[in-house]
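Numbering (our numbering), first residue to last: 193 to 384.
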């Protein structure tokens with residue numbers, strides 16, 4: 193996998209993004225904007241499903257209005273996130289916080305799949321009797337918690353506490369980030 197990542201870092205577009213004076217910051221700013229749109233709309237739905245706020249709103253109507261914005265935010269968040277990865281693939285691939293973020297996204301995605309599969313079947317019943325099952329409340333709380341951790345770990349990617357270029361490090365850290373202690377792949381990438 194590392195060979196592919198090394199090849200990716202040498203492609204003209206990756207180099208262009210990495211060396212661009214304006215493009216990388218614009219993409220990073222857009223990424224933050226779409227995270228805010230995604231998480232902000234997700235916050236409304238998840239808080240409503242906990243049953244403690246927005247109780248006067250119908251769940252199905254709220255989803256009908258907010259879910260398209262959530263999907264738009266998610267799609268563009270993923271596109272800009274991919275471009276940020278593509279600009280500095282080696283550093284991101286070997287970043288412990290990037291790997292944590294990626295793992296958390298998978299877990300949050302599985303929770304969202306379960307959540308929406310169940311919600312699509314049962315949300316009309318919840319609108320009628322205002323009783324949201326506890327498993328859905330737990331799934332909504334888990335969603336808020338997991339996506340918050342995704343955002344925090346994403347923010348931590350910028351810090352180089354466990355970067356491959358910071359040796360010596362414990363062997364288990366080097367193992368977790370697929371790093372060899374003599375790796376020189378980080379030369380010239382410290383400033384990004």
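No residue lacks a Cβ here, since even glycine has one placed at the ideal position from N, Cα and C.
Since the model is a prediction, treat every value here as computed from it, not as a measurement.
Asked                                                                                                             : Found
Close beta carbons around residue 307, own chain, < 6 Å, minus the five adjacent residues each side               : 331
Straight-line gap, residue 199 to residue 334 (C-alpha atoms, nearest Å)                                          : 37 Å
Exposure of residue 361, with buried meaning 16 or more beta-carbon neighbours within 10 Å                        : buried
Closest residue to residue 326 among 242, 290, 353 (Cα-Cα distance)                                               : 242
Residue 301, buried or exposed, once every other Cβ within 10 Å from all chains shown has been counted against 16 : exposed
Interface flag, residue 276 vs chain D, CB-CB below 9 Å                                                           : The chain labelled as chain D is not found in the depicted structure, where only one protein chain is given.
Stretch-stretch touch, CB-based, cutoff 8 Å, three pairs: the region 266-279 with the region 223-230              : yes
Three-way DSSP call (helix, strand, coil) for residue 351 in this model                                           : coil
Classification of residue 287 by the beta-carbon crowding that lies within 10 angstroms, buried from 16 upward    : buried
Three-state class that DSSP yields for residue 323 in the structure shown                                         : coil
Length of the line joining the Cα atoms of residue 380 and residue 329                                            : At residue 380, the pLDDT of 48 sits below 50, so the modelled position is not reliable; the number obtained from the coordinates is stated separately. Each residue's alpha carbon lies about 47 Å from the other.
Closest Cα partner of residue 368 within the set 336, 305, 289                                                    : 289
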